[in-house]
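Following: one structure in C-alpha cells, then a few remarks.
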Amino acid sequence: MSSHERLGVALGARSYDVLVGDGLIAEAGRHIAPLVTRERVFVVTDANLAELHLARLEHALKEAGLDCEAVVLPAGERTKDFHHLESLVERLLEMKIERGSTLIAFGGGVIGDIAGFAASVLLRGIDFVQVPTTLLAQVDSSVGGKTGINSRHGKNLIGSFHQPRLVLADTDVLSTLPRRELLAGYAEVVKYGLASEPEFFAWLEGHGTSLIEGDPDARRQAVLRSCAAKAKVVAADEREAGPRALLNLGHTFGHAIEAEAGYGEFLHGEAVAIGMVMAFELSARLDLCAAEDVARVRRHLAAVGLPTGLDGASGRVWDPRRLFEHMTRDKKVVAGRVVFVLVRGIGEAFVSDAVDPAEVEALLTNSIAA
Numbered sequence: 171m172s173s174h175e176r177l178g179v180a181l182g183a184r185s186y187d188v189l190v191g192d193g194l195i196a197e198a199g200r201h202i203a204p205l206v207t208r209e210r211v212f213v214v215t216d217a218n219l220a221e222l223h224l225a226r227l228e229h230a231l232k233e234a235g236l237d238c239e240a241v242v243l244p245a246g247e248r249t250k251d252f253h254h255l256e257s258l259v260e261r262l263l264e265m266k267i268e269r270g271s272t273l274i275a276f277g278g279g280v281i282g283d284i285a286g287f288a289a290s291v292l293l294r295g296i297d298f299v300q301v302p303t304t305l306l307a308q309v310d311s312s313v314g315g316k317t318g319i320n321s322r323h324g325k326n327l328i329g330s331f332h333q334p335r336l337v338l339a340d341t342d343v344l345s346t347l348p349r350r351e352l353l354a355g356y357a358e359v360v361k362y363g364l365a366s367e368p369e370f371f372a373w374l375e376g377h378g379t380s381l382i383e384g385d386p387d388a389r390r391q392a393v394l395r396s397c398a399a400k401a402k403v404v405a406a407d408e409r410e411a412g413p414r415a416l417l418n419l420g421h422t423f424g425h426a427i428e429a430e431a432g433y434g435e436f437l438h439g440e441a442v443a444i445g446m447v448m449a450f451e452l453s454a455r456l457d458l459c460a461a462e463d464v465a466r467v468r469r470h471l472a473a474v475g476l477p478t479g480l481d482g483a484s485g486r487v488w489d490p491r492r493l494f495e496h497m498t499r500d501k502k503v504v505a506g507r508v509v510f511v512l513v514r515g516i517g518e519a520f521v522s523d524a525v526d527p528a529e530v531e532a533l534l535t536n537s538i539a540a
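Oh and the sequence shown: position 123 is 293 in the numbering used here, straight run, nothing missing.
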C-alpha cells in the first residue's frame with residue numbers, strides 16, 4: 171500500500187482531492203475507478219514518460235478493471251501548440267472517445283496543459299484526471315484547472331479553466347527526473363514562499379539543497395505545502411480575478427524570456443526563477459522592498475543551481491524592448507497596461523498595473539548588462 175496524504179480543493183460541485191505520497195502510480199486504478207462512468211479510459215502521455223512509466227500505470231488501471239488506451243505525444247514545450255492539439259483531439263475521436271469517458275493526463279506540465287485543454291473541448295467537455303510526474307506539475311500546474319496551449323504571440327494564451335476530478339502526485343517518480351527538470355520545478359516551489367508564505371521560504375533555505383539532492387521527506391513536504399498553498403488560493407479565486415494572480419510572481423518576466431528565446435531553450439521554471447529575481451529587483455527599484463530581500467532571493471536560487479539573470483544566458487543578445495513587447499501581449503494585460511506582481515518583502519506580494527514602462531526597460535537593460 172502507498173503512503174500518502176490527501177488535500178482537498180474546495181470548489182463546490184467541482185471539488186476534488188489531491189493525493190500526495192509514494193507508490194500512487196501503482197495504485198492509480200483503485201483511486202480512479204470510483205470516479206469513472208465508463209470502464210474504458212484514455213491516457214495521454216509523452217514519449218519519454220511512456221518508456222519509463224506507462225506500463226506501470228496501464229497495469230494499475232487494468233488491475234482495477236479499467237481498459238485503457240494511450241496516446242503518446244512528443245516530449246517538450248513545443249508540443250503545446252495547435253498542431254499537436256488537433257492531432258490529439260482527432261486521435262481520441264478516432265478511438266471513439268465518448269462524453270462519459272475519462273482522460274488521464276500522465277506527465278509533466280506540458281501534458282497536463284494540453285490534455286486538460288483537450289478534455290475541456292472534446293464533446294463539449296469530459297472528465298480528466300491529473301497524474302503529474304514532474305516536480306513543477308505536482309506543485310503547480312496539475313492543481314487549479316488552468317489548461318491551454320501556446321501561441322506565436324505568447325505562452326498559454328489559448329486555454330480554459332477545466333478542473334480535474336482527481337490529482338495523484340506520486341513523489342517516487344521524482345527520483346527519475348533529470349536534475350535540470352527537478353530544478354525547474356523547484357522554482358515554482360520557491361514561488362509560494364516568496365509570494366505569500368515567508369515561513370515556507372525560510373524552510374526552503376534550510377532544506378532546498380537536500381530536496382534537490384534526493385531527500386524523500388523534504389520532497390514530500392515541499393509538494394504537500396505547495397499544493398496546500400495552491401488549493402487555498404484556488405478555492406478563494408478559481409478564475410484568477412483576485413488573489414490567485416499573486417501566484418504569477420515572476421511569470422510576466424518569465425513568459426517574455428521564454429517567448430523571446432523560443433519555447434524549449436529555457437525550461438519554464440528556469441525562466442520563472444530569473445523572472446522572480448527581476449520582480450524583486452523591480453520592487454527594490456521602486457523603493458517597495460529592501461535590497462537585502464533581493465539578495466536573499468538571488469542567493470537561495472543560485473545556491474540550488476537555478477539561473478538568476480540573463481547575463482551570458484545561451485550566448486544570446488537580449489533586446490530589452492523586445493522583452494517588454496512580449497509582456498504587452500501577456501494574457502494578464504488590462505486595458506493595455508502590463509500587470510506585474512511586485513513585493514513589499516518576502517511573502518508580501520501584490521499586483522500592480524501602475525508600473526512605468528521606462529522603469530521596466532531600465533531594469534531589463536541593467537539585468538542584461540550585469
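C-beta: ideal position from N, C-alpha, C; glycine also.
How would you write the range of the beta strand (DSSP E) that residue i sits in, first residue to last?
i, result
"C238", "D237 to L243"
"K545", "There is no way to answer for residue 545, as the model of the chain reaches only from 171 to 540."
"K325", "G324 to F331"
"I274", "T272 to G277"
"T215", "R210 to D216"
"R248", "Premise fails: R248 is in no beta strand (DSSP E) and is neither H nor E."
"R176", "S173 to V179"
Between which two residues does the alpha helix (DSSP H) holding residue i run?
i, result
"K232", "A225 to E233"
"D463", "A461 to V474"
"D387", "P386 to A406"
"P527", "P527 to A539"
"G412", "No alpha helix (DSSP H) contains G412, which DSSP labels as neither H nor E."
"A429", "H421 to A431"
"V313", "No alpha helix (DSSP H) contains V313, which DSSP labels as neither H nor E."
"L352", "R349 to S366"
"L452", "H438 to R455"
"A198", "A198 to I202"
"R491", "P490 to M497"
Who are the Cβ neighbours of residue i in its own chain at under 7 angstroms, not counting the five residues just before and after it?
i, result
"V504", "D523"
"P477", "E440, A443, I444 and A483"
"Q333", "L181, R184, Y186 and G315"
"E375", "H470"
"G544", "Here the chain comprises residues numbered 171 to 540, so residue 544 is not present and cannot be evaluated."
"A540", "G479 and D481"
"R468", "V447 and T478"
Quick one: is residue i buried, meaning 16 or more other Cβ sit within 10 Å of its Cβ, or exposed?
i, result
"S396", "buried"
"T498", "exposed"
"R491", "exposed"
"R390", "buried"
"V487", "exposed"
"D526", "exposed"
"D457", "exposed"
"L189", "buried"
"M265", "exposed"
"P302", "buried"
"A288", "buried"
"S290", "buried"
"L222", "exposed"
"T249", "buried"
"F252", "exposed"
Quick one: residues in its chain with C-beta nearer than 6 angstroms to the C-beta of residue i, no 5 flanking neighbours on either side, listed in chain order?
i, result
"A234", "G199, R200 and A203"
"G380", "Looking at the sequence itself, residue 380 is Ser, so the reference to Gly does not match. These residues qualify, in order along the chain: A388."
"R551", "Nothing can be reported for residue 551, as the shown portion of the chain is limited to 171 through 540."
"A472", "T478"
"C459", "S453, V513, R514 and G515"
"G424", "A441, V442 and G445"
"I195", "R226, L227 and D340"
"L327", "S321 and K501"
Tell me which residues share the same chain as residue i and place their Cβ nearer than 8 angstroms to its Cβ, disregarding the 5 neighbours each side in the sequence.
i, result
"D192", "S172, S173, H174, D340, T341, D342, P386 and R390"
"R208", "E268, G270, S271 and T272"
"F520", "L416, V511, L512, V513 and R514"
"A399", "Y362, S366, E367 and F370"
"I538", "L480, D481, W488 and P490"
"L263", "L292"
"T535", "P490"
"A405", "V179, A180 and L181"
According to DSSP, which residues form a beta bridge with residue i?
i, result
"A519", "V513"
"G376", "Bridge partners of G376: none, in fact."
"D297", "T272"
"P334", "Looking at the DSSP assignment, P334 forms no beta bridge with any residue, so it has no partner."
"G164", "Lying outside 171 to 540, the shown extent of the chain, residue 164 is not represented and no answer is given."
"L189", "R176 and L338"
"I319", "I328"
"P302", "G277"
Verify the CB distance criterion: does residue i have a CB-CB separation below 8 angstroms to chain B?
i, result
"S380", "You won't find chain B in this structure, because it holds only one protein chain."
Fill in: Three CB pairs or more closer than 8 angstroms across the stretch 506-514 and the stretch 416-429
yes
Discussion item. When you compare the stretch 326-339 with the stretch 347-362, are there three or more beta-carbon pairs, one atom per stretch, that lie closer than 8 angstroms?
Written reply: no
Fill in: Stretch-stretch touch, CB-based, cutoff 8 angstroms, three pairs: the stretch 302-314 with the stretch 270-279
yes
Practice prompt. Say whether the stretch 319-326 touches the stretch 397-417, bearing in mind that this needs 3 or more beta-carbon pairs closer than 8 angstroms, one atom from each stretch.
Written response: no
Fill in: At least 3 beta-carbon pairs within less than 8 angstroms: the stretch 425-433 vs the stretch 217-228
no
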